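**Student:**
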Amino acid sequence: AQSVAQPEDQVNVAEGNPLTVKCTYSVSGNPYLFWYVQYPNRGLQFLLKYITGDNLVKGSYGFEAEFNKSQTSFHLKKPSALVSDSALYFCAVSLQTGANNLFFGTGTRLTVIP
Amino acid sequence: KAGVTQTPRYLIKTRGQQVTLSCSPISGHRSVSWYQQTPGQGLQFLFEYFSETQRNKGNFPGRFSGRQFSNSRSEMNVSTLELGDSALYLCASSSSSGWVYEQYFGPGTRLTVT
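Line by line, the protein sequences are chains A and B.
By my numbering, the letter at position 41 of the first sequence is numbered 41, and the numbering carries on one by one without gaps.
Count along the second sequence from 1, add 1000, and you get the number used in my numbering.
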């Protein structure tokens, strides 16, 4: 069975500093990995996905994520944090191509301090 | 394009009642998925419909059901409501093109069961 772990419930970072939100996964096949962000009282917004190929994936709003197969990780990164990046971030995995049943991590609340 | 819309946005029901939630996907999207978000269980997949057929189903009791219409609009129904059904219900649509789809989420319907 697949699972996704986000080991940090809360991440605080100063504005302008680099940020990392961690995600590890456990699947029996090839993982298709996603990052979503949720702002208060709103649905989830797609940031980026990894399917295959280059391990560094670039997404929306300056975010990127690095797929590491040996460490089974897919950490979300941004070189310079903005206050407006403060939100709830979810990592998700899907095993099946063409299947929209995502397994989500528990979420990490990112707070960027001015 | 207009985004995913969900109605109603807020709903209060009492135990034992039933409820129907509605989702209109992005124009041209044929897949609609439903998720339940609670503080305790996080984001959990309910089911996915594609071209009016249920394609995937999560681990929820039979009280939770759904359907999709020929225009891709979807409804989910919860019968015999329980207090534990209080949650944010999110609908997501995705394109039929490509082989690993990102999903676009609506703002959700906040259901409170008293």
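Backbone N, C-alpha and C define an ideal beta-carbon position, used for all residues, glycine too.
Please read these numbers as outputs of a predicted model, since none were measured by experiment.
Using a Cβ-Cβ cut-off of 6 Å (strictly less than) and excluding sequence neighbours within five positions of Pro18/A, which residues of its own chain qualify?
**Tutor:** For Pro18/A, where only same-chain residues beyond five positions count, the Cβ hits under 6 Å are Pro79.
**Student:** With DSSP collapsed to three states, give me the class of Ser28/A.
**Tutor:** Correct three-state label for Ser28/A: coil.
**Student:** Please state whether the Cβ-Cβ distance between Leu1043/B and Phe1060/B is less than 8 Å.
**Tutor:** Not in contact: Leu1043/B and Phe1060/B (Cβ atoms no closer than 8 Å).
**Student:** If you follow the beta strand (DSSP E) that Leu1021/B is part of, which residue opens it and which one closes it?
**Tutor:** Here the beta strand (DSSP E) through Leu1021/B covers Val1019 to Ser1024.
**Student:** Do Phe63/A and Cys23/A have their C-beta atoms closer together than 8 Å?
**Tutor:** No, these two residues do not count as a Cβ contact at 8 Å.
**Student:** Between the C-alpha atoms of Glu1048/B and Asn101/A, what's the straight-line distance to the nearest angstrom?
**Tutor:** The straight-line gap from Cα to Cα measures roughly 7 Å.
**Student:** Can you check whether the CB of Ala1087/B is closer than 8 Å to the CB of Ser1033/B?
**Tutor:** Cβ distance not < 8 Å, so Ser1033/B and Ala1087/B don't count as in contact.
**Student:** Using a Cβ-Cβ distance under 8 Å, would Leu102/A count as near chain B?
**Tutor:** Leu102/A counts as touching chain B.
**Student:** Contact check, Thr1005/B vs Ser1024/B under 8 Å by CB: the rounded distance?
**Tutor:** Right, their Cβ atoms sit about 5 Å apart.
**Student:** Residue range of the beta strand (DSSP E) that Thr72/A falls in?
**Tutor:** Unbroken run through Thr72/A: none, as it is neither H nor E.
**Student:** For the region 1058-1083 of chain B, enumerate the residues whose C-beta is nearer than 9 Å to any C-beta of chain A, in chain order.
**Tutor:** Residues Gly1058.
**Student:** Could you work out which residue in Leu1111/B, Thr1112/B and Tyr1089/B is closest to Gly43/A when comparing CA atoms only?
**Tutor:** Residue Tyr1089/B is the option with its Cα nearest to Gly43/A.
**Student:** Can you list the residues of chain B that Gly107/A reaches, using a CB-CB cut of under 7 Å?
**Tutor:** The contacting residues are Gly1042.
**Student:** Could you check which residue in Asn1056/B, Tyr1010/B, Gly1106/B and Asp1085/B has the C-alpha nearest to that of Arg1073/B?
**Tutor:** Of the listed residues, the one whose Cα sits closest to Arg1073/B is Gly1106/B.
**Student:** Near Tyr1101/B, what residues of its chain come up, given a Cβ to Cβ distance below 8 Å and the 5 sequence neighbours on each side ignored?
**Tutor:** Cβ neighbours of Tyr1101/B beyond the five flanking positions: Ser1031, Ser1094 and Ser1095.
**Student:** Contact criterion: CB-CB distance below 8 Å. Does Lys58/A meet it with respect to chain B?
**Tutor:** Not one chain B Cβ lies under 8 Å of Lys58/A.
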